[in-house]
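Chemist: Right, I'll just put the structure down here and ask away after.
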Amino acid sequence: MKLNILAGCLLAGAIACNETAEKKDTPPGNFGEDVVFLQKHLQNVVVLQSSQDSSRVVVTGDYQARVMTSTAGGHAGKSFGWINYGLVASGKLGPHINAFGGEERFWLGPEGGQYSVFFPPGKPFDFDNWQTPGLIDTAHYKVQSRSAGEVTYQYAGSVQNYSGATFRLGITRTIRLLNNDAIASRINAALPEGIKSVAYETENVLTNTGDSAWREESGLLSIWLLGMFKPSPQTAVIAPFKNIPQARKFITDDYFGKIPSQNLLVKDSLLLFRADGKARGKLGLSPLVAKSGAGSIDLDNNTLTVLFYDVVPDGRYVNSKWELQKEPYKGDAVNCYNDGPLADGSQMGPFYEVESSSDARALKPGDSLTYRQVTMHFEGSREALQTLATQLWQLPINDVQQFLQIK
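Residue numbering for the sequence shown follows this note's numbering, beginning at 3 and increasing consecutively.
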């Protein structure tokens with residue numbers, strides 16, 4: 003959700019009206035019920051399952067190879083992803099966007115600016131003209147290959163940007179479960195005793211299938227991965243950053259108005275951001291300060307989530323503000339969002355988001371950009387979560403608890 007304040011309010015209001023319609027199905031309560039719900043309403047639902055433990059992931063090609071949700075506890079386990087049950091059950095498509103939910107979806111940037119792929123050439127940057135491209139909103143991606151723990155999808159299409167440049171492209175997206183050895187290797191530590199986990203990697207490949215090179219002067223594309231998760235009153239997003247001199251000037255905290263101090267804490271080289279689904283706010287971190295390893299801690303459910311991705315400090319990151327831009331390649335590498343009611347009381351969620359983006363590349367014909375992200379969820383005792391929080395962020399959980407108690 004890389005929008006300016008006015009456009010963001012208009013967008014969220016319209017989405018809320020669209021997506022709360024026809025809530026015919028009672029929201030499921032666990033992973034197995036989520037899968038049954040999705041299989042009832044969709045045709046292409048794939049469940050990845052480990053033979054070693056109870057970790058599972060459900061993906062659908064109907065929604066662009068989207069990871070809808072995952073669990074560390076098998077059929078009856080906690081389901082981590084936020085799903086827009088009303089919109090999925092309705093079977094309808096709306097204008098502008100169809101926010102089906104899901105804990106990792108594939109998008110393209112930029113959203114706004116002279117190189118936007120969400121606005122037609124020459125039109126004003128307003129909600130009436132804003133449209134999510136079909137290849138990342140309504141297109142069905144086909145399964146190329148599949149095994150018990152991995153599935154690969156492909157899609158070929160084209161998109162035009164605001165400046166009139168047309169991109170012929172191919173998208174390949176692979177989702178694979180990771181075992182405990184891969185998890186331990188990634189966090190560089192053994193898993194604490196008694197921890198249940200689920201982890202998966204997505205490998206996202208964007209290929210220039212046209213006959214001309216993509217040029218910075220006419221616009222470039224980035225891979226943008228967005229995840230929607232379930233909030234709670236005792237959940238905080240954790241976003242690490244490089245604590246360089248004047249680091250705060252590279253962190254944006256006023257996309258939807260300034261985030262109040264009770265909802266955002268800057269602690270050493272960490273941002274703690276309240277994720278209760280009750281107050282809209284968004285953070286953006288420049289690649290100059292953003293670090294891999296953003297995630298969250300949910301003290302209500304004793305769970306911890308962490309995402310790993312690459313950040314290129316000197317890379318070109320697209321700017322998605324809804325305006326003609328002086329610096330179209332000075333955008334965010336990492337974003338975090340907390341949902342909340344709009345002025346009229348309507349709300350799309352509640353949910354919270356953790357997002358990451360690739361840098362943008364000037365691809366020659368046949369060249370590809372590959373961007374990977376790993377998502378991990380852990381469940382266990384408070385002591386085990388403390389061990390993980392220390393390993394990942396050098397963060398005492400008591401600090402999270404004290405922050406969340408601020409009113």
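Every residue, glycine too, gets a C-beta built ideally from N, C-alpha and C.
Per DSSP, what kind of secondary structure is Arg318 in: helix, strand or coil?
Modeler: DSSP places Arg318 in coil when its eight states are reduced to three.
Chemist: Around the Cβ of Asp130, are there at least 16 other Cβ atoms within 10 angstroms (buried) or fewer (exposed)?
Modeler: Asp130 is exposed by the Cβ-count criterion.
Chemist: Considering only the beta carbon of each residue, do His98 and Gln133 sit closer than 7 Å?
Modeler: Yes. Within cutoff.
Chemist: Near Pro330, which residues of its chain fall below 6 Å by C-beta distance, leaving aside the five closest residues on each side in sequence?
Modeler: Cβ within range, chain order: Gly115, Tyr117, Asn321.
Chemist: Give the C-beta separation of Ser298 and Ile240 to the nearest angstrom, bearing in mind that I take them to be a contact with Cβ-Cβ under 8 Å.
Modeler: Yes, Ser298 and Ile240 are in contact; Cβ-Cβ is about 6 Å, under 8 Å.
Chemist: Are Leu89 and Phe102 close, meaning C-beta to C-beta below 7 Å?
Modeler: Yes, the pair counts as a contact, with Cβ atoms nearer than the cut-off.
Chemist: Kindly identify the DSSP beta-bridge partner or partners of Gln162.
Modeler: Beta-bridge pairing links Gln162 to Thr168.
Chemist: From Leu180, Ile177, Ala292, pick the residue whose C-alpha is nearest to that of Gly317; which is it?
Modeler: Answer by Cα proximity: Ala292.
Chemist: May I ask you to list the residues that DSSP assigns as paired with Pro242?
Modeler: Partner(s): Leu272.
Chemist: In angstroms, rounded to a whole number, what distance separates the CA positions of Ser234 and Asn46?
Modeler: Going from the Cα of Ser234 to the Cα of Asn46 covers about 30 Å.
Chemist: For a test of the three-state rule: what should DSSP assign to Leu406, helix, strand or coil?
Modeler: Helix.
Chemist: Considering only DSSP beta bridges, list what Phe252 is partnered with.
Modeler: For Phe252, which the question treats as bridged, DSSP gives no partner whatsoever.
Chemist: Please classify Lys284 as buried or exposed, where buried requires at least 16 neighbouring CB atoms within 10 angstroms.
Modeler: Its Cβ being crowded by 16 or more others within 10 Å, Lys284 is buried.
Chemist: Counting C-beta neighbours from all protein chains within 10 Å, is the total for Ala67 16 or more, i.e. buried, or is it exposed?
Modeler: Burial call: buried.
Chemist: Using 8 Å for Cβ pairs, my map puts Val49 next to Leu180. What's the rounded Cβ distance?
Modeler: Not confirmed; about 16 Å, so no contact.
Chemist: Using a Cβ-Cβ cutoff of less than 6 Å, which residues in the same chain neighbour Asp361 once the five nearest sequence positions on both sides are dropped?
Modeler: Val314, Gly317, Arg318, Tyr319.
Chemist: Which first and last residues belong to the alpha helix (DSSP H) in which Gln41 is found?
Modeler: Unbroken alpha helix (DSSP H) run through Gln41: 33 to 43.
Chemist: What are the residues that DSSP puts in a beta bridge with Glu357?
Modeler: Answer is Leu228, Asn337, bridged to Glu357.
Chemist: Touching or not, the region 163 to 181 and the region 206 to 226, by the rule of three or more beta carbon pairs under 8 Å?
Modeler: The region 163 to 181 is in contact with the region 206 to 226.
Chemist: Bridge partners of Met70, per DSSP?
Modeler: In the DSSP output, where bridge partners are listed per residue, Met70 has none listed.
Chemist: Output needed for Leu413: all residues of its chain with C-beta closer than 7 Å, excluding positions within five of it in sequence on either side, in chain order.
Modeler: What the structure shows of the chain is the stretch from 3 to 409, and residue 413 is not part of that stretch, so it cannot be assessed.
Chemist: Can you give the Cα-Cα distance for Thr62 and Val38, rounded to whole angstroms?
Modeler: Using only the alpha carbons, I get a separation of about 13 Å.
Chemist: Going by beta carbon distance, what residues of the same chain come within less than 6 Å of Val161, once the five residues before and after it are set aside?
Modeler: So the list reads Val119, Pro135, Phe169, once near-sequence residues are dropped.
Chemist: Buried or exposed for Lys232, please, with buried defined as at least 16 other CB atoms from any protein chain shown within 10 angstroms of its CB.
Modeler: Lys232 is buried by the Cβ-count criterion.
Chemist: CB Pro112 to CB Gly166, shorter than 7 Å?
Modeler: The answer is no: Cβ separation not under 7 Å.
Chemist: Going by alpha carbons, who is nearest to Ser370 out of Thr211, Leu390, Asp312, Met230?
Modeler: That would be Thr211, whose Cα lies nearest to the Cα of Ser370.
Chemist: Is the region 331 to 344 touching the region 139 to 152, taking contact as three or more C-beta pairs under 8 Å?
Modeler: Counting Cβ pairs under 8 Å, fewer than three are found: no touch.
Chemist: Mind checking who Ser149 pairs with in its DSSP beta bridge?
Modeler: Paired residues: Glu152.
Chemist: For Pro194 versus Thr389, is the C-beta spacing smaller than 7 Å?
Modeler: It is a contact, given that the beta carbons lie within the stated cut-off.
Chemist: Comparing C-alpha positions only, which one of Leu406, Ser92, Gly75 sits nearest to His43?
Modeler: Cα-wise, what sits closest to His43 is Ser92.
Chemist: Could you pull the start and end residues of the beta strand (DSSP E) that Gln375 belongs to?
Modeler: Gln375 -> beta strand (DSSP E) spans 370 to 381.
Chemist: Output the distance between the C-alpha atoms of Phe121 and Gly259, rounded to the nearest integer angstrom.
Modeler: Rounded to the nearest angstrom, the two C-alpha atoms are 24 Å apart.
Chemist: Bridge partners of Leu208, per DSSP?
Modeler: According to DSSP, Leu208 bridges with Ile173, Leu371.
Chemist: Under the rule that 16 or more other beta-carbon atoms within 10 Å means buried, what is Glu218, buried or exposed?
Modeler: The residue is exposed, with fewer than 16 neighbouring Cβ atoms inside 10 Å.
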